[in-house]
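Q: Residue numbers (the numbering used here), protein chains in the order written: chain A, 2 to 265; chain B, 18 to 360.
Where a beta carbon is used, it is the ideal one built from N, C-alpha and C, also for glycine.
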Amino acid sequence: MKTETSQIILKAEQLSIGYKTKKAETVIASNINFELKKGQLIGLVGANGIGKSTLLRTLIKVQPELSGSILLNDKNLKSTSIVELAKQLSIVLTEPLTSKNLSVFELVSLGRHPYTNWIGNLTENDTAIIKKAMTLVNIFELKDKKCYELSDGQLQKVMIARALAQDTAIIVLDEPTSHLDMYHKAYILKLLQKLTKDTGKTILFSSHEIDLAIQLCDTMIVMQKDNVVCNQPCQLITEGIFESLFPKDLIVFDDKTGSFRVTK
Amino acid sequence: MNNQKTYRFQFLCLSVVLLVCFIVNISLGSINIPLNAIFGSFFGTIDTTSNWNVIVINYRLPKAITAIMVGSGLGISGLLMQTLFRNPLAGPFVLGISSGASLGVALIILGSGLFGGLFATALATKWSIVIAASLGSFLVLLAVLAVSNKVRDTMAILIIGLMFGSITAAVVSVLSYFSSAEQLQQYIFWGFGSLSNLSWSELLIFFAIYVVGLLLSISSIKGLNSLLLGDNYAKSLGLNLKQSRLIIILATSLIAGTVTAFAGPIAFIGLAIPHLTRQVFKTTNHKILLPAVFLFGAIVILICDTIAQVPNSDYTLPINAITALVGAPVVIWLLVRQRKMMF
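1. Are B:W69 and B:I50 touching if we call contact CB-CB under 9 Å?
2. If you run the structure through DSSP and keep just helix, strand and coil, what is A:N122?
3. Should B:S253 be counted as a contact of the ligand FAD given a C-beta to heavy atom distance under 8 Å?
4. Name the residue from B:Y332, B:H292, B:A338, B:L306 whose alpha carbon lies nearest to the alpha carbon of B:W350.
5. Entirely within the stretch 138-166 of chain B and at least 3 residues each: give me those beta strand (DSSP E) ranges in chain order.
6. Under the DSSP definition of a beta bridge, which residues are partnered with A:V266?
7. What residues from chain C crowd round A:A87, counting only those whose CB sits closer than 8 Å?
8. Taking only three categories from DSSP, how would you classify B:Y3?
9. Leaving out five residues before and five after A:L103 in sequence, what residues of the same chain have Cβ atoms less than 6 Å from its Cβ?
10. CB-CB under 6 Å to A:L45, same chain, minus the five flanking residues each way: which ones, in chain order?
11. For A:P97 and A:A25, I'd like the C-alpha separation in whole angstroms.
12. Given that B:T300 touches chain A, what residues does it touch there, using C-beta distances under 8 Å?
13. Which residues in chain B have a C-beta closer than 7 Å to the C-beta of A:L98? List them in chain order.
14. Short check: CB of B:V343 to CB of B:P109, under 9 Å?
15. Whole beta strand (DSSP E) runs in the stretch 170-218 of chain A with 3 or more residues, listed along the chain?
16. Please give me, in chain order, every unbroken run of the beta strand (DSSP E) with length at least 3 that falls completely inside the stretch 90-152 of chain A.
17. Rank A:Y20, A:L57, A:Q157 by C-alpha distance to the C-alpha of A:A13 and give the top, closest one.
18. Terminal residues of the continuous beta strand (DSSP E) containing A:S70?
19. Relative to chain B, which residues along the stretch 118-132 of chain A have a C-beta separation below 7 Å, given in chain order?
20. Step through the CB atoms of chain B and report whether any lies within less than 9 Å of the CB of A:S260.
21. For the beta strand (DSSP E) that contains A:N32, what are its first and last residues?
22. 9 Å is my cut-off, CB to CB: does A:S91 come that close to chain B?
23. Comparing the C-beta of B:I238 with each C-beta of chain A, is any distance below 9 Å?
24. Please list, in chain order, the chain A residues whose beta carbon lies closer than 7 Å to that of B:N242.
25. So that I know if they touch, is there some Cβ in chain A lying closer than 9 Å to that of B:R295?
26. Against chain A, does B:K259 count as a neighbour if the rule is that its beta carbon must be under 9 Å from one of theirs?
27. Report yes if the C-beta distance between B:I148 and B:A341 is below 9 Å; otherwise report no.
28. Starting from the N-terminal side, write out each stretch of the alpha helix (DSSP H) that is 4 residues or longer and does not extend beyond the stretch 315-358 of chain B.
29. List, in order along the chain, the chain B residues whose C-beta lies closer than 7 Å to that of A:V84?
30. For B:T300, which residues from the same chain have a beta carbon less than 7 Å from its beta carbon, with the 5 sequence-adjacent residues on both sides left out?
31. Could you compute how far the alpha carbon of B:R25 sits from the alpha carbon of A:I215?
32. Run through the DSSP bridge pairs and tell me what A:F261 is partnered with.
33. Quick check: the Cα distance between A:R163 and B:S94, rounded to an integer number of angstroms?
34. Would A:Q8 pass as an interface residue toward chain B - the criterion being a Cβ-Cβ separation below 9 Å?
35. Do we get a CB-CB distance below 9 Å when we pair B:I235 with the residues of chain A?
36. Looking only at its chain, what residues have a beta carbon closer than 6 Å to the beta carbon of A:I51, apart from the 5 residues adjacent to it on each side?
So this is what it looks like as structure tokens:
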């Protein structure tokens with residue numbers, strides 16, 4: 002039992018998320034419970050507007066939870082300072098970079114910030130970690146390019162390398178496959194799977210690529226209007242979770258192939 | 018690995034150029050002073066009562082030092098603002114910081130007519146002008162920051178900066194209606210910008226505030242670098258956003274505020290120098306950019322000032338006109354030739 006709990010890195014208990022203004026509380030999703038284990042690839046899926054981004058933003062402490070708790074390595078996220086958090090959790094967001102004039106090496110090396118001194122000098126160890134991160138995602142030959150010269154797929158890989166260079170146990174990605182073509186969608190998700198195997202990191206991503214997620218993820222979190230389920234993909238198929246994910250007038254889920262198809 | 022270039026060669030070249038510009042700036046003017054006399058005055062080896070020595074020590078040297086602080090200071094505050102406001106067009110002049118300082122000064126110089134004669138003599142000293150200009154720029158910067166937190170659209174922030182400029186112009190028009198010709202002249206001359214007329218004691222105060230601003234800027238280097246990724250990423254790297262924003266703003270308003278207070282609103286240096294620097298130093302790392310902008314700003318303004326002196330003549334052109342003549346084409350060139358202004 003004890004080894005079981007030590008494997009859990011991120012845990013949500015009775016979590017309720019949404020937005021709080023002075024006057025009112027807008028609850029977007031509530032009663033969220035899940036446990037994420039070390040070294041797993043976890044896909045977060047759900048319809049548009051169901052609260053995937055809000056959940057991720059809450060998990061990375063960009064916005065506060067309404068109620069319930071998030072435990073990161075058995076420590077409440079509320080009491081984790083952003084400096085501590087920077088060494089435990091790194092992110093890849095959908096928002097565009099502020100400066101596209103950064104070179105790839107400069108961008109990836111920013112991931113070392115939580116570890117460098119007051120002026121950001123890179124030690125040999127830092128440079129080695131940066132090189133390794135770039136090699137892991139196959140972008141080493143791009144290191145001197147500027148970000149505005151990169152394609153969307155390349156930029157996504159660079160952002161993943163930056164998160165790797167931050168050397169955290171968890172990486173959270175918000176829709177890493179949007180804007181990408183079919184090949185690159187599969188490429189990025191396959192890369193994430195490989196990274197969990199090679200580095201032992203826990204990677205949580207949100208995506209609309211349910212078919213790909215079913216094939217690649219160890220665990221999936223499915224967000225629906227009234228409940229949030231977390232389980233292995235094949236379990237979720239057996240339970241028939243995906244059938245009720247979308248209205249049935251246009252697409253139906255085929256549990257034999259594990260994919261959606263358009264109704265004729 | 019050549020990614021961590023230290024740019025030693027470029028820095029060495031720029032330092033030599035700065036030194037040459039510094040000497041040339043002191044040497045040229047209405048009277049040209051030979052090199053040996055300049056070095057003689059520096060090291061006290063010529064007669065201290067000689068004309069050359071008096072000119073160098075009391076006029077040319079303070080002016081050249083002022084120029085270095087003004088040029089580098091405006092360049093650095095431009096760099097800080099371009100990163101903080103995620104906007105390549107940001108700069109002390111565009112965002113209304115200079116307008117804020119002008120408004121403060123206008124209230125002191127022109128408004129003293131409204132407050133009555135006794136007040137006037139007490140108010141319109143050099144120190145009250147300095148304080149008013151710094152306060153004015155700080156307040157405008159705070160307002161711009163408050164707006165930029167609410168409005169994500171950078172275009173809106175620029176327009177708000179322009180509006181501050183209009184408000185200043187309007188208030189100045191109203192005030193000038195009530196003020197005397199001398200007060201008006203004093204304000205207009207301040208508005209031309211001037212690097213001269215600073216005594217050594219004033220220079221010392223300028224230097225002290227400038228150094229504080231500079232140290233604050235240097236302490237923000239790491240934060241500025243992570244801000245290049247965007248606010249959420251910067252936070253995820255452990256940056257205390259509120260605190261670093263405040264420090265950057267404080268540094269900018271200290272530097273831009275005192276520069277404007279002592280030297281008047283000097284256009285385009287703050288906007289153009291960071292871009293010029295990025296063309297030469299192809300990096301976004303503020304650890305390299307900050308000293309590079311310092312050198313470039315100082316060099317460019319020393320050259321501008323040398324031109325403004327119109328060597329071998331009795332004329333002195335307003336420094337503001339020269340910096341605009343140099344700076345505006347640089348901005349146009351960047352937009353047309355590079356088709357992008359990035360930071």
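A: In brief:
1. In the second sequence, residue 69 of chain B corresponds to position 52, counting from 1. In the second sequence, residue 50 of chain B corresponds to position 33, counting from 1. The answer is yes: Cβ separation under 9 Å.
2. Translated into positions along the first sequence, residue 122 of chain A becomes position 121. Under the three-state reduction of DSSP output, A:N122 falls in the coil class, being neither helix nor strand.
3. The ligand FAD is not part of this structure, which contains no ligands at all.
4. Translated into the one-based positions of the second sequence, residue 350 of chain B becomes position 333. Answer by Cα proximity: B:H292.
5. none
6. What the structure shows of chain A is the stretch from 2 to 265, and residue 266 of chain A is not part of that stretch, so it cannot be assessed.
7. The chain inventory of the structure shown lacks chain C, comprising the protein chains A and B.
8. Past the edges of chain B, shown from 18 to 360, lies residue 3 of chain B, and the structure says nothing about it.
9. Taking the first residue of the first sequence as position 1, residue 103 of chain A is located at position 102. Once the five neighbours on either side are set aside, the close Cβ partners of A:L103 are C148.
10. Residue numbering aside, residue 45 of chain A sits at position 44 when the first sequence is read from its first letter. Only K53, S207, I222 meet the Cβ criterion.
11. Here the question's residue 97 of chain A lines up with position 96 in the first sequence. Here the question's residue 25 of chain A lines up with position 24 in the first sequence. Straight-line spacing of the CA atoms in A:P97 and A:A25 works out to 30 Å.
12. For this step, residue 300 of chain B is matched to residue 283 along the second sequence. Within chain A, the residues near B:T300 are S104, E107.
13. Counting from one through the first sequence, the residue named residue 98 of chain A turns up at place 97. Per Cβ cutoff of 7 Å: L246, G247.
14. By one-based count along the second sequence, residue 343 of chain B stands at place 326. By one-based count along the second sequence, residue 109 of chain B stands at place 92. Cβ atoms of B:V343 and B:P109: not closer than 9 Å.
15. 171-174, 203-207
16. Runs of beta strand (DSSP E) with 3 or more residues, each lying fully within the stretch 90-152 of chain A, are found at 90-93, listed in chain order.
17. The residue labelled residue 13 of chain A in the question sits at position 12 within the first sequence. Nearest C-alpha to A:A13: A:L57.
18. Counted from its first residue, the first sequence places residue 70 of chain A at position 69. Its beta strand (DSSP E) spans residues 68-73.
19. W119, I120, G121, L123, T128
20. Counting from 1 along the first sequence, the entry for residue 260 of chain A is found at position 259. No, because no Cβ of chain B sits closer than 9 Å to the Cβ of A:S260.
21. On the first sequence, position 31 is the one that residue 32 of chain A refers to. Element bounds for A:N32: 26-38.
22. Along the first sequence, read from residue 1 onward, the residue named residue 91 of chain A stands at position 90. Chain B contact via Cβ: present.
23. Here the question's residue 238 of chain B lines up with position 221 in the second sequence. It does; some Cβ of chain A falls within 9 Å.
24. Translated into the one-based positions of the second sequence, residue 242 of chain B becomes position 225. What B:N242 touches in chain A: L111, G121.
25. Position 278 of the second sequence, counted from the start, is the residue given in the question as residue 295 of chain B. Yes, its Cβ sits closer than 9 Å to a Cβ of chain A.
26. On the second sequence, position 242 is the one that residue 259 of chain B refers to. No, its Cβ sits nowhere closer than 9 Å to a Cβ of chain A.
27. As a first step, residue 148 of chain B is located in the second sequence; it is residue number 131 there, counting from the start. As a first step, residue 341 of chain B is located in the second sequence; it is residue number 324 there, counting from the start. With a cutoff of 9 Å on beta-carbon distance, B:I148 and B:A341 are scored as not near each other.
28. Entirely contained in the stretch 315-358 of chain B, the alpha helix (DSSP H) runs reaching 4 residues are, in chain order, 336-354.
29. Within the first sequence, numbered from 1, the residue matching residue 84 of chain A stands at position 83. Those are G255, listed as they occur along chain B.
30. As a working note, residue 300 of chain B is residue 283 in the second sequence. Only L306 meet the Cβ criterion.
31. In the second sequence, the residue the question calls residue 25 of chain B occupies position 8. In the first sequence, the residue the question calls residue 215 of chain A occupies position 214. Computed Cα separation, rounded: 53 Å.
32. Taking the first sequence and counting its residues from 1, the one referred to as residue 261 of chain A is at position 260. BP columns for A:F261 point to A:F254.
33. On the first sequence, position 162 is the one that residue 163 of chain A refers to. On the second sequence, position 77 is the one that residue 94 of chain B refers to. Taking the straight line from one Cα to the other gives about 29 Å.
34. In the first sequence, counting from the first residue as 1, residue 8 of chain A sits at position 7. Output row for A:Q8: interface = no.
35. If you number the second sequence from 1, residue 235 of chain B lands on position 218. At least one chain A Cβ lies under 9 Å of B:I235.
36. For the purposes of this step, residue 51 of chain A is taken as the residue at position 50 of the first sequence. Only M224 meet the Cβ criterion.
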